[in-house]
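A quick write-up on the structure given underneath.
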């Protein structure tokens with residue numbers, strides 16, 4: 001069975017403190033190529049006087065260019081972008097490509113990630129890669145950041161898709177705030193309109209991120225880590241959403257025969 005992308009859309013929601021410059025996440029959406037990517041600029045570079053958005057935006061641009069040149073392997077796309085992004089900074093990366101009729105090929109490095117939903121249920125999700133809590137794998141210009149990770153370290157997966165499946169890519173601003181099951185449920189509620197679905201997912205993530213009483217996936221993990229770190233104090237006080245930039249890419253998948 002040959003599948004195609006029926007609808008695709010994306011939204012970038014900046015952290016409120018970064019709204020004036022648009023945040024530090026980036027993405028690309030190439031519907032006709034069946035290729036998508038999300039990249040999160042690592043905010044720590046701001047302490048060095050570097051705009052973290054410069055690296056992630058350039059990485060997204062170079063990734064898209066690699067796809068348009070004909071590269072159909074997400075790790076190879078990541079390698080191309082890594083070689084060609086020669087600005088100071090670093091980013092996490094998640095790239096997904098539809099190939100061979102019905103196979104989704106995913107490469108994920110760091111704590112961005114991808115999900116495939118089917119009839120409102122999660123059938124696939126990436127796992128975050130972290131050197132330690134809140135320190136994700138990240139790619140940077142080797143000349144100035146030799147300690148950065150390499151594209152070959154990315155988690156690689158191939159998933160067989162079915163008509164009606166939904167692909168969601170997001171930065172950690174999404175996954176730190178919204179459980180995967182809730183993302184899948186929203187995909188079912190907004191079936192067919194990727195732009196509308198992406199906006200609904202991002203709106204939910206932003207709302208959770210601003211809620212100081214919300215028990216977010218991030219704070220659940222933080223409490224678990226705090227059990228081994230007494231210097232963090234009473235772990236019961238760790239609660240609330242995690243304010244961050246939020247990037248969401250959504251693609252609805254259908255069989256080729258339904259598209260005209």
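Residue numbers (full-length UniProt numbering): 1 to 260. Glycine included, C-beta positions come from ideal geometry on N, C-alpha and C.
Boundaries of the beta strand (DSSP E) harbouring residue 170: 166–170, taken from the DSSP string.
Assignment of residue 82 by DSSP, reduced to helix, strand and coil, places it in the helix class. The region 186–203 makes no contact with the region 128–144, as fewer than three CB pairs between them are under 8 Å.
Going by DSSP, residue 66 is part of the alpha helix (DSSP H) stretching over 52–68. Here residue 13 is not near residue 27, since their CB atoms are 8 Å or more apart. Beta-bridge partners assigned by DSSP to residue 39: 26, 93. The C-alpha of residue 52 is placed about 14 Å away from the C-alpha of residue 171. Assignment of beta-bridge partners to residue 125 by DSSP yields 115. Looking only at 46, 253, 6, 93, the smallest Cα-Cα distance to residue 79 is reached by 93. Taken atom to atom, the span from the alpha-carbon of residue 199 to that of residue 19 is near 17 Å. The region 73–89 makes no contact with the region 235–244: fewer than 3 CB pairs, one atom from each, lie closer than 8 Å.
Judged by DSSP secondary structure, residue 204 falls within the alpha helix (DSSP H) whose first and last residues are 194–209. Shown here, residue 240 sits in a strand according to DSSP, grouped into three states. Contact between residue 115 and residue 75 does not hold, since their C-beta atoms are separated by about 19 Å, which reaches or exceeds 8 Å. Between residue 3 and residue 109, the C-beta spacing is not below 8 Å. In its chain, beyond the 5 residues on either side, 173, 174, 177, 178, 246 have a beta carbon closer than 7 Å to the beta carbon of residue 205. Rounded to the nearest angstrom, the gap between the Cα atoms of residue 106 and residue 90 is 20 Å. Between the C-alpha atoms of residue 66 and residue 130 there is a straight-line separation of about 26 Å. A distance of 8 Å or more separates the beta carbons of residue 70 and residue 56. Collapsing the DSSP output to three states places residue 101 in coil. Close CB contacts of residue 21 within its chain, under the 8 Å cut and outside five residues either way in sequence, are with 14, 51, 53 (chain order). Here the alpha carbons of residue 87 and residue 45 stand approximately 12 Å from one another.
For residue 180, there is no enclosing beta strand (DSSP E); the residue is found in the alpha helix (DSSP H) stretching over 180–189. Residues 101, 102, 255 of the same chain have their beta carbon placed closer than 7 Å to that of residue 1, with the five preceding and five following residues left out of the count. Boundaries of the beta strand (DSSP E) harbouring residue 8: 3–13, taken from the DSSP string.
With fewer than 16 other CB atoms across the displayed protein chains lying within 10 angstroms of its CB, residue 143 is exposed. Around the beta carbon of residue 244, a 10 Å sphere encloses 16 or more other beta carbons of the protein chains shown; the residue is thus reported as buried.
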